[in-house]
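Trainee: Got a structure here, written out as structure tokens. Questions coming.
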Amino acid sequence: MRSREVHLIERPQGLPTLEQFRIVETKVADPEEGQVLVENIYMSVDPAMRPRLAGPTALNEPMIGGAIGRVLKSRNAGFKEGDHVESMHGFREYYLSDGKGLSTLDADGMPLVAYMSVLGLTGLTAYGGLLVIGALKDGENVFVSAAAGAVGSVAAQIAKIKGCYVIGSAGSEEKCRWLKEELGLDAVINYKNGELRSALKAAAPRGIDVYFENVGGEHLNAALPRMNALGRIAVCGMISAYNNFGAVSEPVTTLSNIIYNRVMLRGFVYYEFESKRAQFLADMKDWIRQGRLKYRTTIQQGIEQAPAALIGLFTGANTGKMVVQLSATNR
Numbered sequence: 318m319r320s321r322e323v324h325l326i327e328r329p330q331g332l333p334t335l336e337q338f339r340i341v342e343t344k345v346a347d348p349e350e351g352q353v354l355v356e357n358i359y360m361s362v363d364p365a366m367r368p369r370l371a372g373p374t375a376l377n378e379p380m381i382g383g384a385i386g387r388v389l390k391s392r393n394a395g396f397k398e399g400d401h402v403e404s405m406h407g408f409r410e411y412y413l414s415d416g417k418g419l420s421t422l423d424a425d426g427m428p429l430v431a432y433m434s435v436l437g438l439t440g441l442t443a444y445g446g447l448l449v450i451g452a453l454k455d456g457e458n459v460f461v462s463a464a465a466g467a468v469g470s471v472a473a474q475i476a477k478i479k480g481c482y483v484i485g486s487a488g489s490e491e492k493c494r495w496l497k498e499e500l501g502l503d504a505v506i507n508y509k510n511g512e513l514r515s516a517l518k519a520a521a522p523r524g525i526d527v528y529f530e531n532v533g534g535e536h537l538n539a540a541l542p543r544m545n546a547l548g549r550i551a552v553c554g555m556i557s558a559y560n561n562f563g564a565v566s567e568p569v570t571t572l573s574n575i576i577y578n579r580v581m582l583r584g585f586v587y588y589e590f591e592s593k594r595a596q597f598l599a600d601m602k603d604w605i606r607q608g609r610l611k612y613r614t615t616i617q618q619g620i621e622q623a624p625a626a627l628i629g630l631f632t633g634a635n636t637g638k639m640v641v642q643l644s645a646t647n648r
């Protein structure tokens, strides 16, 4: 069987370019005893992939990333043909696996693509970052940067569900309208229009109890003076720095606000919340079915679009989660 996969062929300096990736055609054999043949349906692209392009991602080999696929052929007792499976074998159309690193996915009546976003690692990151690291209390004042992105849009809505006053930032008027009119945020800032610090001060008359940080740099500079006593900053990402050499951020000059306001600032990674996955799925499915939590997916078609989809995360090409669809699905 012929398959195509995405290779990184040159390490980016700054924003990646299409020429630094190559679509490579390969052949995939029938599974041997203990193996399964999987056809990928959806694959994920995420901002956190960018720092890995500087080193951990091997050159001239298939890249890795989250994916959902279906088992086409199975000689492994743990999987049957037709099963949907989750893996980190993205950036390829077909692959063989001995079953290690694969997990069977029961969609439970939800669209498969939701497990690439709100019901997958994206949603778990938002849920754990806000409720565990941010220790959110009902009715608090919350600021979410990059609130129209995959993780930010989920975090902002969870805060609204918890009765909080929620401020979000985004980089276009269209995204700001979505946040305000569809997701119901209380205040929205287009950070490309005007001065961010003064805009955030005006939008947060009662200060900020929890800042869900996705951007870094000037966003962090703007948020720190607005933090209330014993405020919490959950650092999910710093996308403003990822294309800089060494992922170096813009200077942050307001850190002294941490001291007397006793502000907690902590980074986190999704796997810290694995023990809460069952509760996360139960809550998220309930909120989706009740219409209290909405999601938007930007879908690119075909593996040849995967490099452009990844690059597009850094140019504002996505609202909500960016995914690439590699094959048809009836769900």
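Our numbering puts the last residue of the sequence shown at 648; the count rises by one with no breaks. Just so it is clear, CB atoms sit at the ideal spot from N, CA and C, and this is done for glycine as well.
(1) Is the beta carbon of SER470 closer than 8 Å to that of GLY629?
(2) So, is ASP363 buried or exposed, given that buried needs 16 or more other C-beta atoms within 10 angstroms?
(3) Evaluate contact between the segment 612 to 629 and the segment 456 to 464, counting only Cβ atoms and requiring at least three cross-stretch pairs below 8 Å.
(4) Taking contact to mean at least 3 C-beta pairs separated by less than 8 Å, is the segment 348 to 357 in contact with the segment 393 to 404?
(5) On the DSSP bridge list, what partners appear for THR421?
(6) Note down, in chain order, each residue of its chain lying with its Cβ closer than 7 Å to the Cβ of ARG594, except the 5 sequence neighbours on either side.
(7) Would you mind listing the beta strand (DSSP E) stretches within the segment 600 to 628 that are 3+ residues and don't spill past its ends, in chain order?
(8) When the Cα atoms are used, what is the spatial distance from GLY584 to ALA346?
(9) Sorted by chain position, which residues of the same chain lie with C-beta nearer than 6 Å to PRO379's C-beta, five sequence neighbours on each side aside?
(10) Within 10 Å of its beta-carbon, does GLU530 have 16 or more other beta-carbons around it, so buried, or fewer, so exposed?
(11) Grab me the residues of PRO333's own chain with a C-beta within less than 6 Å of its C-beta, minus the 5 sequence neighbours each way, in chain order.
(12) Do you know offhand how far LEU370's Cα is from LEU541's?
(13) Please return the same chain residues whose Cβ sits closer than 6 Å to the Cβ of TYR528, not counting the five positions on each side in sequence.
(14) Along the chain, where does the beta strand (DSSP E) containing LEU354 start, and where does it finish?
(15) Measuring alpha carbon to alpha carbon, tell me which residue in ILE450, GLU336, TYR411, ASN377 is nearest VAL552.
(16) Compute the beta-carbon to beta-carbon distance between ARG359 and LEU419, rounded to the nearest angstrom, for a pair I have assumed lies under 8 Å.
(17) When burial is assigned at 16 or more other CB atoms within 10 Å of the CB, is LYS492 buried or exposed?
(18) Taking only three categories from DSSP, how would you classify PHE460?
(19) Please check the pair TYR587 and LEU438, which I expect to be a contact at CB under 8 Å, by giving their CB distance rounded to whole angstroms.
Mentor: So, from the data block:
(1) no
(2) buried
(3) no
(4) Note that the segment 348 to 357 touches the segment 393 to 404; at least 3 beta-carbon pairs, one per stretch, sit closer than 8 Å.
(5) Per DSSP, the beta-bridge partners of THR421 are VAL402.
(6) LEU441
(7) 614 to 618
(8) 42 Å
(9) Taken in chain order, the residues that qualify are GLU322, PHE408, ARG409.
(10) buried
(11) Result list for PRO333: ILE628, in chain order.
(12) Each residue's alpha carbon lies about 30 Å from the other.
(13) PHE460, ALA540, ILE550
(14) LEU354 -> beta strand (DSSP E) spans 353 to 361.
(15) Nearest option by C-alpha distance: ILE450.
(16) Position check: residue 359 holds Tyr in this sequence, whereas Arg was assumed. TYR359 to LEU419, Cβ: 15 Å. No contact.
(17) buried
(18) strand
(19) 5 Å
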